[in-house]
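*Asks:* Chains as they are written, first to last, in my numbering: chain A, 2 to 222; chain B, 2 to 222.
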DNA sequence: TTGTGTGAAATTATAGATAATTTCTTTATT
DNA sequence: AATAAAGAAATTATCTATAATTTCACACAA
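Structure below.
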């Protein structure tokens, strides 16, 4: 962790992002600058800068003079993020494909296996994110990649909100189909599968705070 | 202008964004917080927050302890922004199409005419942006729309850098074709044209500071 | 009950002051 | 002349203090 190199504001924003994504802080709850400042043993100036970062990532919403709260989300936003990911990841893959090496594809295969073996959401999500990053990074489009990263952060949040604890292992056929197409140089087929893959929205009943049961939705790809 | 409602940081970031986009501040030049603070008659705390905003929009780059500078760009980034716009605007249009009314399409037609009549880049850019926003806004996907807005800001910057002053009026056939397809309910055709339209990169010789001539590139759609 | 003021407490937003780091300039050395 | 070292100036990052605004709790009236 290069956290000693980072500025305090960056360190705080990373830590808060992690908590928001993992669900440790509830959607809608307020982020109070003095409290955060006290926790991190700083003044609130870097805290405010951290808030601006979270805002840009779509993890928090700030209303002037009324403070910052953790962004809430609904099925509409899950769909929106899924479709944006589909459009942008397909674009990235088309550009990355010519630069993919056997070594990268092997690593992506490893990530897929790690995902299949995962017995909890957190490690599945990490493996999945690694897979996507591996095959997309060689596109060499920094702006595109950072937008995709933000969308993955949002996806992870939806996922953890739905699959809070229980997780069934499953074999990711899509990842395998994508890798196989890429190995054969069939970029179009890989892109098509990827586009469908990231739009797959899983559905799961969860118990709400009030004891009732409702359906939660998340992107599972 | 609702600037009195905004926080000082927002006001500063908007003003600086405008200067960066218009080219009033050169790419690569440093943004010094004390100087900006003095100009706006504030302390540097809101200035720093404004910098974080610019960073998120991709208009400035900040290096810890070394300050913030105006982001520079090259042909690669112009292409990247063009492709991202194509992917995302097509997505937005597909969702917006069912909600488009005759009134909206008429307004878009007006915007096209205004663009054709424009005798300078700035007013052409504004009309063009209005056109795109009109036909995309009804998609009702806030995250997508704000990402597209940032990309339009980048596009405008490329454009002003290339077409600093001279501008030839021209008739935008693409806009007309898109509107006509939309009126006929042919969303796919409109989307295809839009995707191509936004990726059209114009090329123009410009004189550099050192008196030499090189080619500048910009998105002209 | 429901709604509406009112004041205290909490919180945000900004200013001014300080410490730490980088950049620039000048001077010495090969 | 070119390069390196050293010190001064400028600049960033942070902290402490203050002003302005919002939120909350509670009382009172409809």
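Don't be surprised by glycine CBs; every beta carbon is placed ideally from N, CA and C. Here the structure is a predicted model, which means the values were calculated and not measured.
Where do the ends of the beta strand (DSSP E) carrying residue 91 (chain B) lie?
*Replies:* The count along the second chain starts at 1 and reaches residue 91 (chain B) at position 90. Element bounds for residue 91 (chain B): not the beta strand (DSSP E) but the alpha helix (DSSP H), 76 to 97.
*Asks:* Closer than 7 Å, Cβ to any Cβ of chain A: which residues of the stretch 54 to 77 of chain B, in chain order?
*Replies:* Answer in chain order: 54, 57, 59 and 65.
*Asks:* For residue 221 (chain B), which three-state DSSP category applies?
*Replies:* Here residue 221 (chain B) refers to the residue found at position 220 when the second chain is read from its first residue. In this structure, residue 221 (chain B) counts as coil in the three-state DSSP scheme.
*Asks:* Can you list, in chain order, the residues of its chain whose CB lies under 7 Å from that of residue 230 (chain A), leaving out five sequence neighbours each side?
*Replies:* As shown, chain A starts at 2 and ends at 222. That puts residue 230 (chain A) outside it, with no answer to give.
*Asks:* Suppose contacts are defined by Cβ-Cβ distances below 7 Å. Is residue 51 (chain A) in contact with residue 14 (chain A) by that definition?
*Replies:* The residue labelled residue 51 (chain A) in the question sits at position 50 within the first chain. The residue labelled residue 14 (chain A) in the question sits at position 13 within the first chain. Yes, Cβ-Cβ distance for residue 51 (chain A) and residue 14 (chain A) is below 7 Å.
*Asks:* Can you name the start and end residues of the beta strand (DSSP E) that residue 202 (chain B) belongs to?
*Replies:* Here residue 202 (chain B) corresponds to residue number 201 of the second chain, with the count starting at 1. Its beta strand (DSSP E) spans residues 202 to 208.
*Asks:* Do residue 180 (chain B) and residue 110 (chain B) have their C-beta atoms closer together than 7 Å?
*Replies:* Residue mapping note: residue 180 (chain B) aligns to position 179 of the second chain, counting from 1. Residue mapping note: residue 110 (chain B) aligns to position 109 of the second chain, counting from 1. Their beta carbons are under 7 Å apart, which means residue 180 (chain B) touches residue 110 (chain B) by this criterion.
*Asks:* Determine the contact status of residue 79 (chain A) and residue 28 (chain A), defining contact as a CB-CB distance below 7 Å.
*Replies:* The sequence position of residue 79 (chain A) within the first chain is 78, counting from 1. The sequence position of residue 28 (chain A) within the first chain is 27, counting from 1. Cβ distance not < 7 Å, so residue 79 (chain A) and residue 28 (chain A) don't count as in contact.
*Asks:* Should residue 25 (chain B) go down as buried or exposed, given a rule of 16 or more other Cβ atoms within 10 Å for buried?
*Replies:* For the purposes of this step, residue 25 (chain B) is taken as the residue at position 24 of the second chain. Under this definition residue 25 (chain B) is an exposed residue.
*Asks:* With 9 Å as the limit, tell me which residues of the stretch 183 to 203 of chain A have their beta carbon closer than that to any beta carbon of chain B; keep them in chain order.
*Replies:* Residues passing the 9 Å Cβ filter: none.
*Asks:* Could you tell me the boundaries of the beta strand (DSSP E) in which residue 199 (chain A) lies?
*Replies:* Mapped onto the first chain, residue 199 (chain A) falls at position 198. Neither: residue 199 (chain A) is in no beta strand (DSSP E) and is coded neither H nor E.
*Asks:* Applying the 10 Å Cβ sphere with the 16-neighbour rule, what's the burial state of residue 99 (chain A)?
*Replies:* Residue mapping note: residue 99 (chain A) aligns to position 98 of the first chain, counting from 1. Classification of residue 99 (chain A): exposed, given that the 10 Å Cβ count is below 16.
*Asks:* Given a threshold of 16 other Cβ atoms within 10 Å of its Cβ, counted over all protein chains shown, does residue 31 (chain A) qualify as buried or as exposed?
*Replies:* What you label residue 31 (chain A) is simply residue 30 of the first chain in a count that begins at 1. Classification for residue 31 (chain A): exposed.
*Asks:* In chain order, what residues of the stretch 114 to 144 of chain A put their CB closer than 7 Å to some CB of chain B?
*Replies:* So the list reads 142 and 144, given in the order they occur along the chain.
*Asks:* Tell me the rounded alpha-carbon separation between residue 219 (chain A) and residue 122 (chain A).
*Replies:* Translated into the one-based positions of the first chain, residue 219 (chain A) becomes position 218. Translated into the one-based positions of the first chain, residue 122 (chain A) becomes position 121. Their Cα atoms are separated by approximately 12 Å.
*Asks:* What first and last residue would you give for the beta strand (DSSP E) that runs through residue 63 (chain B)?
*Replies:* Working through the second chain from its first residue, we reach residue 63 (chain B) at position 62. Here the beta strand (DSSP E) through residue 63 (chain B) covers 61 to 64.
*Asks:* DSSP puts residue 11 (chain A) in a beta bridge; with which residues?
*Replies:* If you number the first chain from 1, residue 11 (chain A) lands on position 10. Beta-bridge pairing links residue 11 (chain A) to no other residue.
*Asks:* Looking only at C-alpha atoms, which of B:171, B:206 and B:176 sits nearest to residue 194 (chain B)?
*Replies:* Taking the first residue of the second chain as 1, we reach residue 194 (chain B) at position 193. Comparing Cα-Cα distances from residue 194 (chain B) to each of B:171, B:206 and B:176, the minimum goes to B:176.
*Asks:* Buried or exposed, going by whether 16 or more other CB atoms sit within 10 Å of the CB of residue 81 (chain B)?
*Replies:* Here residue 81 (chain B) refers to the residue found at position 80 of the second chain. Buried is the call here.
*Asks:* If contacts are defined as beta-carbon pairs under 8 Å, then residue 97 (chain A) and residue 139 (chain A) qualify, I think. What distance do you get, rounded to the angstrom?
*Replies:* Translated into the one-based positions of the first chain, residue 97 (chain A) becomes position 96. Translated into the one-based positions of the first chain, residue 139 (chain A) becomes position 138. With 8 Å as the limit, residue 97 (chain A) and residue 139 (chain A) qualify as a contact, their Cβ atoms being about 4 Å apart.
*Asks:* Measure the C-alpha to C-alpha separation of residue 11 (chain B) and residue 59 (chain B) and round it to an integer number of angstroms.
*Replies:* Here residue 11 (chain B) refers to the residue found at position 10 when the second chain is read from its first residue. Here residue 59 (chain B) refers to the residue found at position 58 when the second chain is read from its first residue. Their backbone Cα atoms lie some 16 Å apart in a straight line.
*Asks:* What would DSSP say about residue 172 (chain B), mapped onto helix, strand or coil?
*Replies:* Numbered from its first residue, the second chain carries residue 172 (chain B) at position 171. Three-state DSSP puts residue 172 (chain B) in coil, outside helix and strand.
*Asks:* What is the rounded straight-line gap between the Cα of residue 62 (chain B) and the Cα of residue 206 (chain A)?
*Replies:* Position 61 of the second chain, counted from the start, is the residue given in the question as residue 62 (chain B). Position 205 of the first chain, counted from the start, is the residue given in the question as residue 206 (chain A). Cα to Cα, residue 62 (chain B) sits roughly 43 Å from residue 206 (chain A).
*Asks:* Compare the beta carbon distance of residue 89 (chain A) and residue 149 (chain A) with 7 Å and say whether it is the shorter of the two.
*Replies:* Start at 1 with the first residue of the first chain, and residue 89 (chain A) comes out as number 88. Start at 1 with the first residue of the first chain, and residue 149 (chain A) comes out as number 148. The answer is yes: Cβ separation under 7 Å.
*Asks:* Quick one: is residue 143 (chain A) buried, meaning 16 or more other Cβ sit within 10 Å of its Cβ, or exposed?
*Replies:* Residue mapping note: residue 143 (chain A) aligns to position 142 of the first chain, counting from 1. Its Cβ having fewer than 16 others within 10 Å, residue 143 (chain A) is exposed.
*Asks:* Assign residue 36 (chain A) to buried or exposed, taking buried as 16 or more other Cβ atoms, counted over all protein chains shown, within 10 Å of its Cβ.
*Replies:* Here the question's residue 36 (chain A) lines up with position 35 in the first chain. Exposed is the call here.
*Asks:* So if DSSP puts residue 71 (chain B) in a beta bridge, which residue, or which two residues, is it bridged to?
*Replies:* Numbered from 1 along the second chain, position 70 holds the residue referred to as residue 71 (chain B). Note: residue 71 (chain B) sits in a beta bridge opposite B:61.
*Asks:* May I ask you to report which of helix, strand or coil DSSP gives residue 215 (chain A)?
*Replies:* The sequence position of residue 215 (chain A) within the first chain is 214, counting from 1. Correct three-state label for residue 215 (chain A): strand.
*Asks:* Can you look up residue 101 (chain A) in the DSSP assignment and give me helix, strand or coil?
*Replies:* The sequence position of residue 101 (chain A) within the first chain is 100, counting from 1. In the structure shown, residue 101 (chain A) sits in coil (DSSP, three-state: anything other than H, G, I, E or B).
*Asks:* List in chain order: all unbroken alpha helix (DSSP H) runs of 4+ residues lying wholly within the stretch 144 to 171 of chain B.
*Replies:* List check, alpha helix (DSSP H) in window: nothing returned.
*Asks:* Output, in chain order, the set of chain A residues within a Cβ distance shorter than 9 Å of residue 35 (chain B).
*Replies:* Your numbering for residue 35 (chain B) matches position 34 in the second chain. Those within 9 Å of residue 35 (chain B) in chain A number zero; the least Cβ separation is about 15 Å.
*Asks:* Opposite residue 31 (chain A) in the DSSP bridges: which residues?
*Replies:* Counted from its first residue, the first chain places residue 31 (chain A) at position 30. In the DSSP output, where bridge partners are listed per residue, residue 31 (chain A) has A:70.
*Asks:* What residues of chain B sit near residue 150 (chain A), judged by a beta carbon separation below 8 Å?
*Replies:* In the first chain, the residue the question calls residue 150 (chain A) occupies position 149. The premise fails here: residue 150 (chain A) is roughly 13 Å from chain B at the closest Cβ pair, so nothing lies under 8 Å.
*Asks:* Which residues bound the alpha helix (DSSP H) around residue 120 (chain A)?
*Replies:* Counting from one through the first chain, the residue named residue 120 (chain A) turns up at place 119. Where residue 120 (chain A) is concerned, there is no enclosing alpha helix (DSSP H), given that its DSSP letter is neither H nor E.
*Asks:* Less than 8 Å between the CB atoms is what I'm expecting for residue 200 (chain A) and residue 83 (chain A), so what's the real figure, rounded?
*Replies:* As a position in the first chain, residue 200 (chain A) is number 199, starting the count at 1. As a position in the first chain, residue 83 (chain A) is number 82, starting the count at 1. Confirmed, about 5 Å.
*Asks:* Taking the alpha carbon of residue 115 (chain A) as the reference point, which residue from A:163, A:108, A:105 and A:128 has its own alpha carbon closest?
*Replies:* If you number the first chain from 1, residue 115 (chain A) lands on position 114. Ranking A:163, A:108, A:105 and A:128 by Cα distance to residue 115 (chain A) puts A:128 first.
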